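Residue numbers (the numbering used here): 881 to 967.
Glycine included, each C-beta is placed from N, C-alpha and C at the ideal position.
Note that this is a predicted model, so its numbers are computed, not measured.
Comments concern the structure below.
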């Protein structure tokens, strides 16, 4: 419903997380497959962290690791990097 009221790639990303919790990571990834995130989102560590988690949960560890490495490199603070790397 939020996407209809206020369309945003960020809303779709959040929806993908919710769908992955409900129906599994493959369904969450399906929502993201045709999304071309704008640069402000694709260059955010949050985008790569979400994509990494979904691919990891789906069993594609190589792609998950690439996105995870980018997320850690893009993290804005050492505290975020430390927290993210601990998971």
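Item: Pick helix, strand or coil for residue 955, following the three-state DSSP scheme.; Value: coil
Item: Does residue 949 pass the burial test, meaning 16 or more other C-beta atoms within 10 Å, or should it be called exposed?; Value: exposed
Item: With a CB to CB cut of under 7 Å and the five nearest residues on each side skipped, what residues in its chain are close to residue 944?; Value: 932, 935, 936
Item: Got a sec? Which residues, its chain only, sit under 7 Å from residue 938 by beta carbon, not counting five neighbours each side?; Value: 905, 906, 909
Item: Tell me whether residue 912 is buried or exposed, calling it buried when 16 or more other Cβ atoms sit within 10 Å of its Cβ.; Value: buried
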